Amino acid sequence: MDGYQAAICLLLGGLALIVWRRRLIRRLHAEHDRVLQRQAQQHGHRLSQETARSTAVINSMVEGLLLLDANGRVLMANAAMERLFHLGGHVRGRTVMEALRLHQVQELVQRTLVEGRVLEVEIAQTALGGVGRHFMVNSACVTTPEGAAQGIVLVFHDITRLKLLEETRKEFVANVSHELRTPLSIIKGYAETLATLPPDPESTRKFAGIIERHSDRLTLLVEDLLTIAGLESGQMAISWQDLELRRLAQRVMDELVSKADARGVVLENAVPEGLGVSADLGRLQQVLTNLVDNAIKYGSEDGRVWVEAAQRGGETVISVNDNGPGIPAEARERVFERFYRVDKARSRDQGGTGLGLSIVKHIVQAHGGRVWVEASDMGGAKFCLTLPATGRHDDSDRFRAEI
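For the sequence shown, my numbering begins at 5 and goes up steadily by one.
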């Protein structure tokens with residue numbers, strides 16, 4: 005009986021050991037599963053963080069980024085790409101032609117698949133009724149370790165502003181060359197004539213006068229070019245002063261009265277007494293001189309030119325008016341461009357440089373004001389500008405010293 009009981013105890017002990025071992029194994033497996041799950045969660049969290057960071061970096065790019073699969077269908081477009089081409093975020097799975105409507109990009113994709121990489125291809129996007137855009141595009145083929153094409157990356161650099169600046173530079177150089185060539189040709193022609201003709205006091209005086217006049221025109225052009233270069237670069241400082249506007253307007257008219265008399269133009273100072281402005285004396289006088297001089301030249305003969313001003317809120321509005329033919333509505337936005345002329349033949353006959361109104365615009369903007377042109381009450385042109393206002397001044401001696 006004792007041997008039987010011992011066998012039973014031994015059997016029960018073995019069964020207990022087996023049960024314990026199985027439970028231990030299950031616990032170990034469960035713990036291993038939990039460790040694997042935690043590692044998977046941590047890896048997924050790190051992966052999602054890295055993906056979020058990569059997405060944030062890609063979407064913060066100024067350049068447009070387009071990722072295509074091996075079949076040329078869109079896999080991803082960053083925020084800049086959607087903004088540049090107004091894609092609206094629904095381009096995944098579309099072809100390049102469906103997404104961008106640009107055959108140049110489709111050709112670039114085909115070329116990239118053949119060459120593997122393409123650098124600096126310029127693409128123009130025309131716009132109906134608007135200004136086209138220009139892009140410099142870089143592309144590269146994404147390959148597998150075996151060298152098979154897996155996709156294509158396209159990077160779009162918007163160079164529209166650079167193209168506009170380049171066109172402006174070319175136009176500026178062409179205009180300056182033309183403006184310089186005309187007086188130089190005249191000076192050279194008359195100088196050669198003086199050198200070859202027999203001495204004649206009357207002809208000599210006449211030709212010398214023509215040479216002097218066109219030399220002055222060249223000098224004025226160079227001065228205007230230097231002025232506008234300084235204004236555009238921001239290197240020309242504004243010396244702020246409180247000025248009495250009526251006295252300054254009268255000073256300008258007194259300097260131009262002989263030119264006005266030659267055309268039979270009546271000058272009228274309609275600026276109220278004591279109206280003050282805060283401005284640079286020399287620069288504001290240059291603005292008024294350019295505007296009044298233009299009104300005399302391009303208004304009507306035997307006509308009228310008048311200057312008005314009024315204070316509105318914290319600014320003073322000044323206008324120079326004439327009763328001439330006026331400026332067509334379609335030209336009013338462009339008259340402040342360098343070398344722009346409403347009537348090219350008439351403008352050159354009057355001897356202008358084509359920079360006066362551009363200088364006016366830059367000086368007024370440097371004062372924090374704005375300038376525009378509209379039709380005057382008499383049907384002519386009305387050039388308006390705003391400047392910071394001061395209070396009404398009673399100390400006339402102070403302004404007599406300044407102006």
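We treat Cβ as the ideally placed atom computed from N, Cα and C, and that holds for glycine. Since we're looking at a predicted model, the values are computed, not measured.
What are the residues that DSSP puts in a beta bridge with residue i?
{"i": "ASP306", "result": "Answer by DSSP bridge pairing: none, since ASP306 is not bridged."}
{"i": "GLU89", "result": "It should be pointed out that residue 89 corresponds to Phe in this sequence rather than to Glu. Paired residues: none, contrary to the question."}
{"i": "ASN142", "result": "VAL159"}
{"i": "MET80", "result": "LEU71"}
{"i": "LYS192", "result": "DSSP, once it has assigned bridges, lists no residue as partnering LYS192."}
{"i": "GLU170", "result": "Bridge partners of GLU170: none, in fact."}
{"i": "VAL324", "result": "VAL311 and PHE387"}
{"i": "ALA153", "result": "THR147"}
{"i": "THR99", "result": "ARG77"}
State the Cα-Cα distance for the pair residue i and residue j, rounded to the nearest angstrom.
{"i": "GLY68", "j": "PRO149", "result": "27 Å"}
{"i": "ASN75", "j": "PHE139", "result": "23 Å"}
{"i": "ASP326", "j": "GLU171", "result": "34 Å"}
{"i": "VAL275", "j": "ALA314", "result": "8 Å"}
{"i": "ALA349", "j": "SER181", "result": "Unreliable placement is indicated for ALA349, whose pLDDT of 48 sits below 50; no coordinate value is reported for it."}
{"i": "GLN110", "j": "LYS174", "result": "31 Å"}
{"i": "ASP162", "j": "LEU184", "result": "35 Å"}
{"i": "VAL339", "j": "SER362", "result": "8 Å"}
{"i": "LEU91", "j": "ARG98", "result": "11 Å"}
{"i": "TYR194", "j": "THR223", "result": "18 Å"}
{"i": "HIS33", "j": "ARG25", "result": "12 Å"}
{"i": "LEU198", "j": "ALA379", "result": "47 Å"}
Taking 8 Å as the threshold (C-beta atoms), are residue j and residue i in contact?
{"i": "VAL270", "j": "ARG308", "result": "yes"}
{"i": "ALA283", "j": "GLN239", "result": "no"}
{"i": "ILE156", "j": "LEU72", "result": "yes"}
{"i": "LEU229", "j": "LEU359", "result": "yes"}
{"i": "LEU79", "j": "ARG96", "result": "yes"}
{"i": "LEU249", "j": "VAL226", "result": "no"}
Which whole-angstrom value is the C-beta distance of residue i and residue j, which I expect to be below 8 Å?
{"i": "LEU288", "j": "LEU247", "result": "7 Å"}
{"i": "GLU312", "j": "SER323", "result": "5 Å"}
{"i": "ALA370", "j": "GLY318", "result": "Between GLY318 and ALA370 the Cβ distance is about 18 Å, and since that is not below 8 Å, they are no contact."}
{"i": "ARG137", "j": "PRO187", "result": "Actually they do not touch by this definition, with Cβ atoms about 39 Å apart."}
{"i": "VAL159", "j": "VAL141", "result": "7 Å"}
{"i": "ALA253", "j": "ASN273", "result": "5 Å"}
Helix, strand or coil: how does DSSP classify residue i here?
{"i": "PHE343", "result": "coil"}
{"i": "GLN239", "result": "coil"}
{"i": "TRP244", "result": "coil"}
{"i": "ILE22", "result": "helix"}
{"i": "ASN273", "result": "strand"}
{"i": "THR130", "result": "coil"}
{"i": "ASP284", "result": "coil"}
{"i": "LEU222", "result": "helix"}
{"i": "LEU295", "result": "helix"}
{"i": "VAL66", "result": "coil"}
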